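All residue numbers for the sequence shown refer to the numbering used here, where the first residue is 8 and numbers rise by one. Note that CB positions come from ideal geometry on N, CA and C, so glycine has one too. If you're wondering where the values come from, they're calculated on a predicted model, not measured in any experiment. Quick notes on the structure that follows.
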Amino acid sequence: MQPNQSAKFNTLRIAKKETALFFTSPIAYLFIGAFVAVTLFIFFWGEAFFSRNIADVRPMFEWMPLLLIFLCSTLTMKLWSEERRSGTIEYVHTLSVPLWHFVVGKFLGCLALLSIALLITLPLPIMVSIIGELDWGPVISGYIAVLLLGSAYIAIGLAVSARSDNQIVSLITACIIGGLFYFIGTSAITDFFSHQSAEFLRQLGTGSRFEDITRGIIDVRDLYYYISLTIVFLALNTYFIEKERWSNAEKKSNQKVSYHKQWQLITGLLCVNLLAANLWLGQLPQLRLDTTAGKQYSISEATEIYLSQLQEPMLIRGYFSQKTHPLLAPLVPQVKDLLQEYEVAAKGRVRVEFVDPQQHPELEEEANTQFGIKPMPFQVADRYQASIVSSYFNVLVQYGDEHKVLGFRDLIEVNARAESDVEVLLRNPEHDVTRAIKTVLQDYQSAGNLFDTVKQNLTFTGYISANDKLPEQLAQFKTSITKQLESVSQKSANKFKVEFIEPEAGRGEIAQKIADEYGFQPMATSLFSDNAFYFYLTLSGGEQIVQIPLGDFSESNFERNLDAAIKRFASGFTKNIALVTPQAAPYGGYGMPQASFNQLEKMLGAELNVLNEDLSDGSVSGEADILMLVSPKSLDEKQLFAVDQFLMKGGTVIAATSPYSVNLTGRSLSMSPVSSGLEDWLAHHGLTVDNALVMDASNAAFPVPVTRNVGGFQLQEMRMLDYPYFADVRKGLNQDNLITSELPQLTMAWTSPITLDETKGGINFTPLITSSDQAWTSSSLDIMPKVNQLGETSYTAEGETKEHLMGVIAQGRFSSYFAGKDSPLLVDEGAKSALSEEASDDANAQVKSEDTLTEHTAQLDVSSVIKHAPDSARIILFSSNDFVQDQVLQFTGGVSQTGYLNSLQLLVNSIDWSLEDRALMSIRSRGNFNRTLPPMEHSEQLFWEYGNYVLAFTLLSGIALWDRQRRRRKQRQYLTWLTQ
Numbered sequence: 008m009q010p011n012q013s014a015k016f017n018t019l020r021i022a023k024k025e026t027a028l029f030f031t032s033p034i035a036y037l038f039i040g041a042f043v044a045v046t047l048f049i050f051f052w053g054e055a056f057f058s059r060n061i062a063d064v065r066p067m068f069e070w071m072p073l074l075l076i077f078l079c080s081t082l083t084m085k086l087w088s089e090e091r092r093s094g095t096i097e098y099v100h101t102l103s104v105p106l107w108h109f110v111v112g113k114f115l116g117c118l119a120l121l122s123i124a125l126l127i128t129l130p131l132p133i134m135v136s137i138i139g140e141l142d143w144g145p146v147i148s149g150y151i152a153v154l155l156l157g158s159a160y161i162a163i164g165l166a167v168s169a170r171s172d173n174q175i176v177s178l179i180t181a182c183i184i185g186g187l188f189y190f191i192g193t194s195a196i197t198d199f200f201s202h203q204s205a206e207f208l209r210q211l212g213t214g215s216r217f218e219d220i221t222r223g224i225i226d227v228r229d230l231y232y233y234i235s236l237t238i239v240f241l242a243l244n245t246y247f248i249e250k251e252r253w254s255n256a257e258k259k260s261n262q263k264v265s266y267h268k269q270w271q272l273i274t275g276l277l278c279v280n281l282l283a284a285n286l287w288l289g290q291l292p293q294l295r296l297d298t299t300a301g302k303q304y305s306i307s308e309a310t311e312i313y314l315s316q317l318q319e320p321m322l323i324r325g326y327f328s329q330k331t332h333p334l335l336a337p338l339v340p341q342v343k344d345l346l347q348e349y350e351v352a353a354k355g356r357v358r359v360e361f362v363d364p365q366q367h368p369e370l371e372e373e374a375n376t377q378f379g380i381k382p383m384p385f386q387v388a389d390r391y392q393a394s395i396v397s398s399y400f401n402v403l404v405q406y407g408d409e410h411k412v413l414g415f416r417d418l419i420e421v422n423a424r425a426e427s428d429v430e431v432l433l434r435n436p437e438h439d440v441t442r443a444i445k446t447v448l449q450d451y452q453s454a455g456n457l458f459d460t461v462k463q464n465l466t467f468t469g470y471i472s473a474n475d476k477l478p479e480q481l482a483q484f485k486t487s488i489t490k491q492l493e494s495v496s497q498k499s500a501n502k503f504k505v506e507f508i509e510p511e512a513g514r515g516e517i518a519q520k521i522a523d524e525y526g527f528q529p530m531a532t533s534l535f536s537d538n539a540f541y542f543y544l545t546l547s548g549g550e551q552i553v554q555i556p557l558g559d560f561s562e563s564n565f566e567r568n569l570d571a572a573i574k575r576f577a578s579g580f581t582k583n584i585a586l587v588t589p590q591a592a593p594y595g596g597y598g599m600p601q602a603s604f605n606q607l608e609k610m611l612g613a614e615l616n617v618l619n620e621d622l623s624d625g626s627v628s629g630e631a632d633i634l635m636l637v638s639p640k641s642l643d644e645k646q647l648f649a650v651d652q653f654l655m656k657g658g659t660v661i662a663a664t665s666p667y668s669v670n671l672t673g674r675s676l677s678m679s680p681v682s683s684g685l686e687d688w689l690a691h692h693g694l695t696v697d698n699a700l701v702m703d704a705s706n707a708a709f710p711v712p713v714t715r716n717v718g719g720f721q722l723q724e725m726r727m728l729d730y731p732y733f734a735d736v737r738k739g740l741n742q743d744n745l746i747t748s749e750l751p752q753l754t755m756a757w758t759s760p761i762t763l764d765e766t767k768g769g770i771n772f773t774p775l776i777t778s779s780d781q782a783w784t785s786s787s788l789d790i791m792p793k794v795n796q797l798g799e800t801s802y803t804a805e806g807e808t809k810e811h812l813m814g815v816i817a818q819g820r821f822s823s824y825f826a827g828k829d830s831p832l833l834v835d836e837g838a839k840s841a842l843s844e845e846a847s848d849d850a851n852a853q854v855k856s857e858d859t860l861t862e863h864t865a866q867l868d869v870s871s872v873i874k875h876a877p878d879s880a881r882i883i884l885f886s887s888n889d890f891v892q893d894q895v896l897q898f899t900g901g902v903s904q905t906g907y908l909n910s911l912q913l914l915v916n917s918i919d920w921s922l923e924d925r926a927l928m929s930i931r932s933r934g935n936f937n938r939t940l941p942p943m944e945h946s947e948q949l950f951w952e953y954g955n956y957v958l959a960f961t962l963l964s965g966i967a968l969w970d971r972q973r974r975r976r977k978q979r980q981y982l983t984w985l986t987q
């Protein structure tokens with residue numbers, strides 16, 4: 008070692024020497040082999056990669072903090088102890104080379120060995136990326152975290168080895184110190200402390216910071232923590248080795264004592280400042296890089312759009328108790344970090360506060376009385392006892408006098424792998440908080456003047472016949488709405504114009520025009536009435552036109568319908584969706600549960616006003632922006648007319664329907680044919696749902712409980728069986744349409760193929776969902792899983808295998824199914840006469856008949872058939888009755904038995920796309936369990952698993968052969984030099 012060489016030259020030379028020494032003994036191969044073997048075992052067996060069915064490599068990193076403690080301690084235990092035992096430490100002390108060169112060189116040699124071990128694990132993420140859709144951001148950050156954590160443990164091991172002559176003592180001491188740094192931040196320790204103390208301990212723990220980085224968040228504070236920890240122990244290592252140079256004689260000299268004190272002071276100050284800087288960095292705003300695809304842990308552009316609409320300060324307050332459930336405690340800092348991101352992104356328009364209500368009685372009383380925030384009872388444990396504690400885990404969003412509260416059930420999701428293995432994660436916090444901001448913003452705006460949010464001029468046009476042609480009640484109604492329209496026009500700041508047009512005037516050119524453009528036909532009060540007239544109300548702005556329903560001819564009803572029409576041109580108002588689901592039977596038989604869609608209603612109600620629509624009156628509510636039919640059953644002519652005319656007015660109809668419906672009764676599973684009443688109507692528009700079921704070789708698994716006898720004990724487990732009726736759609740999702748492009752995977756349960764009639768003029772069809780090309784159809788209603796003696800399902804394709812359409816958009820100029828037919832809403836005069844004659848037989852019946860006739864006259868049935876729709880009309884069709892049913896969502900959730908959200912997201916995306924609300928669509932897909940593995944046979948799973956074992960062994964053998972060749976080449980060089 009030459010003293011005049013640079014520090015870089017010396018450290019690299021020492022690092023190469025240490026690395027070569029590792030490979031000349033079994034140490035390197037034992038270290039790498041143990042590291043790779045344990046990693047593969049944990050990945051495939053401990054964490055059951057294929058059973059998790061998630062396309063990520065988190066299981067590979069979860070046990071790294073513990074694994075590295077033992078491996079790094081084993082690697083470093085002899086580096087200085089062996090130097091001291093063999094006497095070579097004296098040679099190091101006599102050299103005029105700074106000792107830190109040796110310390111850093113040994114450190115780099117160990118780090119190089121760890122890097123080689125990590126390199127051999129690369130086939131794991133490569134395998135996952137080949138099988139499924141892997142997000143490489145968390146993988147890269149995970150490897151960075153392992154290197155940083157490993158460097159800290161190596162530095163600890165080197166420092167301990169420098170103080171001990173015995174390798175075993177060095178190993179045990181290094182494991183204890185590394186274990187303390189790890190366990191101090193785990194729930195095993197933090198659960199015994201208050202929230203603030205627990206958070207401080209988590210900041211000290213190497214494992215808690217490691218988890219943040221492996222999620223895909225590279226925070227400057229976490230990077231500095233590991234780097235500072237590494238430098239501190241390397242500095243201590245240098246001090247320990249330097250101290251051995253000092254002889255007893257030198258210690259007696261005052262000059263030398265002063266020199267030693269300087270060493271101690273400089274080393275102490277360096278360590279204290281490096282560690283103290285962590286506390287200073289913790290007070291600074293976050294400086295982090297989100298490496299995940301789609302920036303899942305960063306404020307999105309959609310959120311910034313809503314924040315930019317704030318006209319006055321908004322308050323976001325987090326209510327978190329110091330003592331809460333151990334599974335919720337680690338989520339508190341994550342929520343706080345996210346809310347602080349909102350404060351930064353809003354640029355002064357959002358104020359964020361965090362309070363513990365139990366520490367502030369006045370704030371707790373306000374939360375309880377004004378906002379309805381109540382503490383939740385949780386079972387927690389402290390150092391002395393287990394008890395039930397009421398704690399808070401809520402977020403309040405307040406804007407003006409409007410507010411929205413998010414509870415812990417709104418923010419988290421639970422993934423139960425087994426009864427004792429429960430994982431609690433934040434579901435999609437940005438989506439939940441942004442949705443709350445959107446809600447309070449819309450509620451606040453709706454309380455003011457409607458026209459404050461209207462950006463264009465609106466024109467109200469009444470296509471109304473002359474008064475002498477109108478029924479008396481309609482003439483009075485016209486007078487009433489005229490006064491209301493004048494009042495609205497005065498409040499609109501010249502944004503609202505009113506005009507009435509008589510279609511029959513002149514040569515009837517207007518009547519012909521509105522018939523051609525809007526399908527408006529003359530109205531009548533009965534089937535045989537000769538008195539035809541017009542009474543159509545529209546609101547237009549730009550290229551958009553909305554027809555206003557007549558309702559019951561009351562002032563209040565017209566005001567509601569007019570407000571609903573104006574809101575369609577305004578921004579910042581909650582939209583209304585008319586939802587039609589099957590009505591539950593009044594009395595369900597034992598073991599015959601009714602189909603329920605509570606999860607769908609809950610998810611829709613989080614962002615929209617859900618109107619449970621009754622179509623029996625032949626019309627859809629005038630406030631409805633979208634009509635959704637989920638598993639409709641036996642719609643009669645009036646109900647079908649309501650659907651048809653809603654479409655003819657330019658509306659969007661979303662339908663989930665099929666000729667079959669599943670029956671889930673106890674442990675029985677059966678399929679029965681049903682009639683929706685929509686079959687002919689859909690066929691009229693070029694859409695036919697065939698009487699068959701799609702079966703796909705690419706399918707999701709069906710969870711079946713299986714009881715096994717193990718040593719006399721009955722054990723029940725969930726077995727996942729291939730089930731072709733659960734089509735697993737990935738490549739079949741239309742990537743050019745936002746409804747499906749944001750979904751990584753979709754399970755369509757018990758679907759039927761859709762056939763399109765491309766000859767329908769004026770209608771454009773856009774496929775959304777198609778099966779794989781290995782799918783076939785079956786007309787059998789026996790849908791119970793077919794299990795053979797080995798407990799495996801066996802299905803064979805029947806007939807031709809090809810792609811089948813299961814979801815489609817139809818848009819264009821639809822023609823009415825009732826065109827050329829009489830309106831079902833008109834009262835037959837002959838029926839009235841028959842009713843009067845039948846009722847004249849007895850006095851009581853006569854009174855009843857007169858009341859009925861009077862009621863018909865008072866309500867005045869006015870109807871016509873709009874013959875065709877504008878170009879904006881849409882039908883979005885999904886060919887399954889049950890894929891969003893509550894029980895089916897549990898089945899398609901897989902082995903975790905948690906609710907499957909992708910099917911619900913599909914319908915919500917359809918609504919947002921129809922309403923052109925693209926903002927929340929981009930956030931909604933940021934779930935925790937989105938990236939799933941495609942269906943695979945057991946043999947294919949074994950191929951990938953054993954392939955990784957073989958590849959790891961091959962790489963390790965390749966390194967051994969390369970090192971052997973390298974040493975032989977060196978030996979030949981030495982022999983050549985000796986002979987010369």
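TODO: Would you check if the distance between the CB atom of Leu685 and the CB atom of Leu636 is smaller than 9 Å?
DONE: Sequence index remark: in the sequence shown, residue 685 carries index 678 (1-based). Sequence index remark: in the sequence shown, residue 636 carries index 629 (1-based). Yes, Cβ-Cβ distance for Leu685 and Leu636 is below 9 Å.
Open item on the list: Can you give me the C-alpha to C-alpha distance between Glu511 and Lys520, rounded to a whole angstrom?
Closed with: Taking the first residue of the sequence shown as position 1, residue 511 is located at position 504. Taking the first residue of the sequence shown as position 1, residue 520 is located at position 513. The alpha-carbon atoms of Glu511 and Lys520 are separated by roughly 11 Å.
Open item on the list: Only counting the same chain, and skipping five residues up and downstream in sequence, which positions put a Cβ closer than 7 Å to that of Tyr216?
Closed with: In the sequence shown, the residue the question calls residue 216 occupies position 209. Note that residue 216 is Arg in the sequence shown, not Tyr. Contacts found: Asp229 and Tyr232.
Task: Span separating the alpha-carbon of Leu156 from that of Thr961 - done: As a working note, residue 156 is residue 149 in the sequence shown. As a working note, residue 961 is residue 954 in the sequence shown. Distance between the alpha carbons of Leu156 and Thr961: 27 Å.
TODO: Quick one: using the 10 Å Cβ neighbour count with 16 as the cut-off for buried, is Pro639 buried or exposed?
DONE: Locating residue 639 in the sequence shown gives position 632, counting from the first residue. So Pro639 ends up on the buried side.
Task: Per-residue DSSP class, three states only, for Ala119 - done: Residue numbering aside, residue 119 sits at position 112 when the sequence shown is read from its first letter. Ala119 falls in the helix class under three-state DSSP.
TODO: Check whether the Cβ atoms of Ile224 and Asp297 sit closer than 9 Å, and answer yes or no.
DONE: Residue 224 sits at position 217 when you count from the first residue of the sequence shown. Residue 297 sits at position 290 when you count from the first residue of the sequence shown. Yes, the pair counts as a contact, with Cβ atoms nearer than the cut-off.
Open item on the list: I'd like to know whether the C-beta atoms of Trp969 and Asn744 end up nearer to each other than 9 Å.
Closed with: Residue 969 sits at position 962 when you count from the first residue of the sequence shown. Residue 744 sits at position 737 when you count from the first residue of the sequence shown. It is not a contact, given that the beta carbons lie outside the stated cut-off.
Task: Three-state class that DSSP yields for Met383 in the structure shown - done: The residue labelled residue 383 in the question sits at position 376 within the sequence shown. If DSSP states are grouped into helix, strand and coil, Met383 belongs with the strands.
Open item on the list: If I follow the unbroken alpha helix (DSSP H) through Phe188, where does it start and stop?
Closed with: Numbered from 1 along the sequence shown, position 181 holds the residue referred to as residue 188. Gln174 to Phe190 is the extent of the alpha helix (DSSP H) around Phe188.
Task: At least 3 beta-carbon pairs within less than 8 Å: the region 816-830 vs the region 650-657 - done: yes
Task: Terminal residues of the alpha helix (DSSP H) in which Val957 lies - done: Start at 1 with the first residue of the sequence shown, and residue 957 comes out as number 950. It spans His945 to Thr986 - the alpha helix (DSSP H) in which Val957 sits, taken as one unbroken run.
Open item on the list: With H, G and I counted as helix, E and B as strand and the rest as coil, what does DSSP make of Thr766?
Closed with: Translated into positions along the sequence shown, residue 766 becomes position 759. Thr766: coil per DSSP, three-state reduction.
- [ ] Assign Trp52 to one of two classes, buried (16 or more other C-beta atoms within 10 Å of its C-beta) or exposed (fewer than that).
- [x] Counting from one through the sequence shown, the residue named residue 52 turns up at place 45. So Trp52 ends up on the exposed side.
- [ ] Would you please verify whether the beta carbon of Ile918 is less than 9 Å from any beta carbon of chain C?
- [x] Within the model displayed, chain C is absent; a lone protein chain is all it includes.
Task: Alpha-carbon to alpha-carbon, Lys85 and Arg979 - done: The sequence position of residue 979 within the sequence shown is 972, counting from 1. The sequence position of residue 85 within the sequence shown is 78, counting from 1. Taking the straight line joining both Cα atoms gives about 30 Å.
Task: Asn255 burial status per 10 Å Cβ neighbour count (16 or more: buried) - done: Here residue 255 corresponds to residue number 248 of the sequence shown, with the count starting at 1. Unreliable placement is indicated for Asn255, whose pLDDT of 43 sits below 50; the coordinate value is still reported in the next sentence. Asn255 is exposed by the Cβ-count criterion.
Task: Proximity below 9 Å, CB of Asn706 to CB of Asp735 - done: Taking the first residue of the sequence shown as 1, we reach residue 706 at position 699. Taking the first residue of the sequence shown as 1, we reach residue 735 at position 728. Yes.
Open item on the list: So, under 8 Å CB-CB, Ala181 and Thr237 are touching, yes? Tell me the CB distance rounded to an integer number of Å.
Closed with: Here residue 181 refers to the residue found at position 174 of the sequence shown. Here residue 237 refers to the residue found at position 230 of the sequence shown. The Cβ separation is near 14 Å, so there is no contact.
Open item on the list: Does the structure place the region 329-345 close enough to the region 374-387 that three or more beta carbon pairs sit under 8 Å?
Closed with: yes
Open item on the list: Taking the beta carbon of Ala35 as the centre, do at least 16 other beta carbons fall within 10 Å, making it buried, or is it exposed?
Closed with: By 1-based counting over the sequence shown, the position of residue 35 is 28. By the 10 Å Cβ count, Ala35 comes out buried.
Task: Opening and closing residue of the beta strand (DSSP E) in which Thr784 lies - done: Residue numbering aside, residue 784 sits at position 777 when the sequence shown is read from its first letter. Looking at the DSSP string, the run of the beta strand (DSSP E) that includes Thr784 is Ala782 to Ser785.
Task: Thr993 (DSSP reduced to helix, strand or coil) - done: The requested residue 993 does not occur in the structure, where the chain is confined to residues 8 to 987.
Open item on the list: Using only CA atoms, which one of Arg726, Val711, Pro774 and Phe733 lies nearest to Gln742?
Closed with: Your numbering for residue 742 matches position 735 in the sequence shown. Nearest option by C-alpha distance: Pro774.
Task: DSSP-derived helix/strand/coil call for Lys828 - done: Residue 828 sits at position 821 when you count from the first residue of the sequence shown. In the structure shown, Lys828 sits in coil (DSSP, three-state: anything other than H, G, I, E or B).
Open item on the list: Which of the three DSSP states is assigned to Asn935 in this structure?
Closed with: For the purposes of this step, residue 935 is taken as residue 928 along the sequence shown, with counting starting at 1. With a pLDDT of only 42 at Asn935, under the threshold of 50, the placement of this residue in the model should not be trusted; the figure read from the coordinates follows. In the structure shown, Asn935 sits in coil (DSSP, three-state: anything other than H, G, I, E or B).
TODO: Check the DSSP bridge columns for Leu322 and list the partner residues they point to.
DONE: In the sequence shown, residue 322 corresponds to position 315, counting from 1. DSSP lists Arg358 and Gln405 as partners of Leu322.
Task: Span of the beta strand (DSSP E), counted from its first residue to its last, around Ala309 - done: In the sequence shown, the residue the question calls residue 309 occupies position 302. Premise fails: Ala309 lies in the alpha helix (DSSP H), Glu308 to Ser315, not in any beta strand (DSSP E).
Task: At least three beta-carbon pairs within less than 8 Å, the region 92-112 to the region 44-63 - done: no
- [ ] Buried or exposed for Met321, please, with buried defined as at least 16 other CB atoms from any protein chain shown within 10 angstroms of its CB.
- [x] Here residue 321 refers to the residue found at position 314 of the sequence shown. Met321 should be labelled buried.
Task: Buried or exposed (CB count within 10 angstroms, at least 16 for buried), Ser494 - done: Numbered from its first residue, the sequence shown carries residue 494 at position 487. The residue in question, Ser494, is exposed, as its Cβ has fewer than 16 Cβ neighbours within 10 Å.
Open item on the list: Would Glu437 and Ser307 be called neighbours here (beta carbons separated by less than 9 Å)?
Closed with: Your numbering for residue 437 matches position 430 in the sequence shown. Your numbering for residue 307 matches position 300 in the sequence shown. Result yes, Cβ atoms of Glu437 and Ser307 sit closer than 9 Å.
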